Amino acid sequence: MTRTTRQQAFFEEILARMKAEILADMSTGRVPAFVTSFGDLHDHVDANEYGGLCEDGVIELGNSLFTERTDPDTLQTQAMMDVSNDLQDECDEWLKAGDHFAQMPHFPGFEHEGMLITNPTAEARGKMSPEHYGFEVVSTGGGCTAWARKIDDRLRVLLTDTVGTSHDIMDDDQFMLGLHDDEGQELAIWTMAVGVVPDDDAPPAEAATAVAPESREEILASALRGLMAVATWDEDTDRAKFDAAWEQAQRVLSGSQP
Numbered sequence: 048m049t050r051t052t053r054q055q056a057f058f059e060e061i062l063a064r065m066k067a068e069i070l071a072d073m074s075t076g077r078v079p080a081f082v083t084s085f086g087d088l089h090d091h092v093d094a095n096e097y098g099g100l101c102e103d104g105v106i107e108l109g110n111s112l113f114t115e116r117t118d119p120d121t122l123q124t125q126a127m128m129d130v131s132n133d134l135q136d137e138c139d140e141w142l143k144a145g146d147h148f149a150q151m152p153h154f155p156g157f158e159h160e161g162m163l164i165t166n167p168t169a170e171a172r173g174k175m176s177p178e179h180y181g182f183e184v185v186s187t188g189g190g191c192t193a194w195a196r197k198i199d200d201r202l203r204v205l206l207t208d209t210v211g212t213s214h215d216i217m218d219d220d221q222f223m224l225g226l227h228d229d230e231g232q233e234l235a236i237w238t239m240a241v242g243v244v245p246d247d248d249a250p251p252a253e254a255a256t257a258v259a260p261e262s263r264e265e266i267l268a269s270a271l272r273g274l275m276a277v278a279t280w281d282e283d284t285d286r287a288k289f290d291a292a293w294e295q296a297q298r299v300l301s302g303s304q305p
């Protein structure tokens, strides 16, 4: 759709407002950060509210682009739908590309002891640490350490080397993700390698198979992103629903779901 300079500026202003409002909701947890399309947003909010998609400004922009139509009602409805669809398509591309991760306030870049994770979606514009995902280094007994993040009062996720003894995985090409209850019992565990794909028919503990070739930094960043997906469920979620979220996180980890 060809737009004049003024129309394009107005279009970009609405699009920027939509992105800002989506980022704000992701930052507060109202919308999960792992959504990959504008349509996914509807599972959590009325996405048509973003940027005022149904407000007069979008209608006016549409009307200015479709002046050849004669029926005022048809003009207003079709114009609004066309412009809204264009705006949603732009948001789709933005979300699918993962560019929003680099723009979120809690994804600043910094280096942390023993681990440096490059953000693959931001062309190295920033660095990420597990600390910025709510993880902290904890002692797990016997001189062992892990990156830990509580999901709720009963569950936490541990990120360690493949033998489960250290949070320092900088020199490894594999790492281990474990789900533990409040008594330390291991409920589920995955060893994630450089490039992993899930086997849907395998039991959860066997569902990751090493393949090549993705960088360790990309896999680590994806792993933490997947854990954010799991953490969106509240503490009252039943086990079946939590398992579904964890399976979704695993698909994110594997790269089979962006």
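Residue numbers (this note's numbering): 48 to 305. Glycine residues also receive a C-beta, built at the ideal position from the N, C-alpha and C atoms. Nothing here was measured: the structure is a model prediction, and the numbers come from that model.
| Query | Result |
| --- | --- |
| Which two residues bound the contiguous beta strand (DSSP E) that contains Gly-188? | 183-188 |
| Taking Cβ positions only, does Glu-60 come closer than 8 Å to chain C? | No chain C is part of this structure, which consists of one protein chain only. |
| What would DSSP say about Gly-225, mapped onto helix, strand or coil? | strand |
| Who are Val-92's beta bridge partners in DSSP? | Looking at the DSSP assignment, Val-92 forms no beta bridge with any residue, so it has no partner. |
| For the beta strand (DSSP E) that Arg-50 lies in, which residues bound it at each end? | Per DSSP, Arg-50 belongs to no beta strand (DSSP E) and is neither H nor E. |
| Terminal residues of the continuous beta strand (DSSP E) containing Gly-196? | The sequence shown places Arg at residue 196, rather than the Gly named in the question. Taken as a continuous stretch (DSSP letters only), the beta strand (DSSP E) holding Arg-196 covers 191-197. |
| What did DSSP end up calling Val-130 once you bin it into helix, strand or coil? | helix |
| Let me confirm a value: Ser-131 is counted as buried when at least 16 other C-beta atoms fall within 10 Å, else exposed. Which label applies? | buried |
| Alpha carbon to alpha carbon, what distance is there between Ala-63 and Phe-222? | 38 Å |
| Using the Cβ count rule (16 or more neighbours within 10 Å means buried), how would you classify Met-128? | exposed |
| Between Gly-98 and Leu-70, is the Cβ-Cβ spacing less than 8 Å? | no |
| Can you look up Arg-201 in the DSSP assignment and give me helix, strand or coil? | coil |
| My guess is that Val-210 and Trp-194 are in contact by the Cβ rule of under 8 Å, so how many angstroms apart are they, rounded? | That pair is no contact at about 15 Å. |
| Can you list, in chain order, the residues of its chain whose CB lies under 6 Å from that of Asp-229, leaving out five sequence neighbours each side? | Arg-201 |
| Just tell me which of Asp-90, Gly-231, Cys-138, Ser-186 has its CA closest to the CA of Glu-59. | Cys-138 |
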